[in-house]
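In what follows, a structure is listed as structure tokens, so that the remarks can point back to it.
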Amino acid sequence: MTTSVRVTAPAPPHRRPAVGTTTLAARAAYVLRRNDLGTMTAAAPRLYPHMWSWDAAFISIGIAQLSVERAITELETLLAAQWSTGMLPHIVFSPQSTDYFPGPDRWGCAELAGAAPGAPETSGICQPPVHAIALQRIVETSRRGSAQDRFLADEFVDRAWAPLMNWHRWLAEQRDPRGTGRLTVHHGWESGMDNSPRWDSPYRGVVVGQALPPYRRRDTEFVADASHRPSDREYDRYLWLIEEMRQAGYDDARVREASSFAVQDVLMSAIFALACDALADLGDEGRGRRDDIRELRTWAERFRSGVTASLDPLTGLARDRDLRTGQWLGTQTLAGFAPILCGGLDQADERRMLALFDSEQWCGHPGLMAAVPPSASPAHPGFRPREYWRGPQWPVISWLFSWAFARRGWADRGACLREESLRLVADGTFAEYYDPFTGQPLGSLNQSWTAAVTLDWLC
């Protein structure tokens, strides 16, 4: 296990004063309503004007506090874009906005992939499978509402069951064909953590070809400081991976062979184990789902085992694995805590991991404004407190840990993360992510999933 390293935090800049919880909840509700496009919610009003897969799941959790029916519509819109293979695409494009890059023309899914829907237009990759978790949370919220809410939620479980089973089966079979218990991603975007230090080594193996078409980024035009975003060199690699998938026609087997990027994602695998259990919990054996539930429990156990098998005895953290080089990736990012999300460690290893989570290298760092996990350890050489997934704190990730801790019976831990997270978002800007030392809101403001998890915490 690594030794504790103390990093001096900068002095806090001006930050909006905190607002009361009633006002905070009202502002969160306003953000969700303002970003509502009718049947989908834009991830953010300017920077992300479409539907993102795992955003939509978290967003539906918050919307359920306002309207169970509208939360169901959010997930239905995503499920309607499912590919015939079972994959849920990471972007569903709204026809109301063309001001985004890379847009549907760059992906070319409808013309190149026989499995892609003709409409709506989508991207050709996936994101973490948090959707069954969201569905379970919507059902829980409906139980506190009216009889109509309960009816709508139960009815939706019936409608969503087959699409979600197909999604889970695609992940288990196409992204873990050898049964390792770890899902493979073919792009950092699939992890949801685009430029995390986790991917530095695998991205170095991506050689951008001369055939990369020219492009103009739009993301750097909508943030105050472009240095907080991935670099142009990183973006070249992101887009080259899309070109490789286009050349493979987005065929799963061909992508596995051709993609320069193939990494077993330990955090995504832990989320999948959680989601399989969540979906199984929603099942009713009396409705002919006995075989499905058995399969879900088997997948959950397989991926718990795969996650725990990745534990690094030196750092005490779980590791990703680069399939192109065969190397374990021992970066100190929050993904290393995947086993305490899904369980499976023996008691001694779990105690050590929880102690590390609480230590000065992570949530107990004396410079943190809020005691929630930063995306990378301040003790890590690649730590950047203001650069996207290289150090900032993300409320949506804190929600996931808080929810998982409560589910595992660690009510006090879950409540602590909730309270600390509410301190972070208390200025009411609902930023995409926050400087862990100063609490300064960074990235896009009025981010839908930040507003959504805040509303769920407050209700």
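Quick note on numbering that gives the first Met the number 0: the sequence shown kicks off at 0 and runs consecutively.
No residue lacks a Cβ here, since even glycine has one placed at the ideal position from N, Cα and C.
Report all residues from its chain with a CB closer than 6 Å to the CB of leucine 367; omit the five preceding and five following residues, and keep chain order. Pro435
What does a CB cutoff of less than 7 Å around aspartate 193 pick up in its chain, not counting 5 residues either side in sequence? Gly187, Pro229, Tyr387 and Trp388
Do the stretch 146-161 and the stretch 97-104 make contact, defined as three or more Cβ pairs closer than 8 Å? no
Can you tell me where the beta strand (DSSP E) holding threonine 183 begins and where it ends? 182-184
For aspartate 264, the first and last residue of its enclosing beta strand (DSSP E): 262-264
Distance, Cα to Cα, aspartate 231 vs glutamine 209? 16 Å
Just verifying my parser: in three-state terms, what is the DSSP assignment at threonine 326? Threonine is not the amino acid found at residue 326; the sequence shown has glutamine there. Three-state result, glutamine 326: strand.
Is it right to say glutamate 154 is buried, meaning 16 or more other beta carbons lie within 10 angstroms of its own, or is it exposed? exposed
Let me confirm a value: arginine 142 is counted as buried when at least 16 other C-beta atoms fall within 10 Å, else exposed. Which label applies? exposed
Would the beta-carbon of asparagine 445 fall within 7 Å of that of proline 44? yes
DSSP three-state assignment for leucine 310, whether helix, strand or coil: strand
Could you spell out where the alpha helix (DSSP H) holding arginine 158 opens and where it closes? 146-173
Specify whether the stretch 322-336 and the stretch 294-307 touch according to this definition: at least 3 beta carbon pairs, one from each stretch, less than 8 Å apart. no
N- and C-terminal bounds of the beta strand (DSSP E) containing arginine 45: No beta strand (DSSP E) holds arginine 45; DSSP gives it neither H nor E.
If contacts are defined as beta-carbon pairs under 8 Å, then glycine 61 and alanine 27 qualify, I think. What distance do you get, rounded to the angstrom? 7 Å
State whether the stretch 402-412 contacts the stretch 421-430, with contact taken as three or more CB pairs (one from each stretch) at a distance under 8 Å. no
Serine 3, DSSP secondary structure in three states: Note that serine 3 scores a pLDDT of 40, beneath 50, so its modelled location is shaky and nothing firm can be said.
Tell me whether proline 365 is buried or exposed, calling it buried when 16 or more other Cβ atoms sit within 10 Å of its Cβ. exposed
Buried or exposed: which applies to aspartate 175, given that a residue is buried once 16 or more other Cβ atoms fall within 10 Å of its Cβ? buried
If you drop the 5 nearest sequence neighbours on each side, which residues of the same chain put their C-beta closer than 7 Å to that of alanine 79? none
For glutamine 246, which of helix, strand or coil comes out of DSSP? helix
In chain order, what residues of the same chain lie with their CB nearer than 6 Å to the CB of asparagine 165, ignoring the 5 residues before and after it? Gly85
Closest to glycine 343 by CA distance: which of Ser66, Glu359, Glu300 and Thr437 is it? Glu300
Using a Cβ-Cβ cutoff of less than 6 Å, which residues in the same chain neighbour serine 309 once the five nearest sequence positions on both sides are dropped? Val265, Ala317 and Arg318
For the alpha helix (DSSP H) that arginine 320 lies in, which residues bound it at each end? First-last for arginine 320: 319-321, but that is the beta strand (DSSP E), not the alpha helix (DSSP H).
At the level of alpha carbons, what is the spacing between proline 41 and histidine 227? Proline is not the amino acid found at residue 41; the sequence shown has alanine there. Approximately 21 Å, taken between the alpha carbons.
Buried versus exposed, by CB contacts within 10 Å (16 or more), glutamine 147: exposed
Applying the criterion that 16 or more other CB atoms from any shown protein chain within 10 Å of the CB defines a buried residue, is leucine 31 buried or exposed? buried
Taking the continuous alpha helix (DSSP H) assigned at tyrosine 214, which residues delimit it? No alpha helix (DSSP H) contains tyrosine 214, which DSSP labels as neither H nor E.
Helix, strand or coil for tyrosine 237? Go by DSSP, reduced to three states. helix
To the nearest angstrom, report how far apart serine 52 and valine 91 are at their CA atoms. 8 Å
In this structure, how does DSSP classify tyrosine 99 when only helix, strand and coil are distinguished? coil
If you run the structure through DSSP and keep just helix, strand and coil, what is leucine 333? helix
Leaving out five residues on either side along the sequence, give the residues of the same chain with a beta carbon under 7 Å from the beta carbon of valine 395. Phe57, Trp448, Thr449 and Val452
Which residue wins for smallest C-alpha separation from isoleucine 270, given the options Leu182, Thr437 and Tyr29? Leu182
Alanine 55 and alanine 63: beta carbons closer than 7 Å? no
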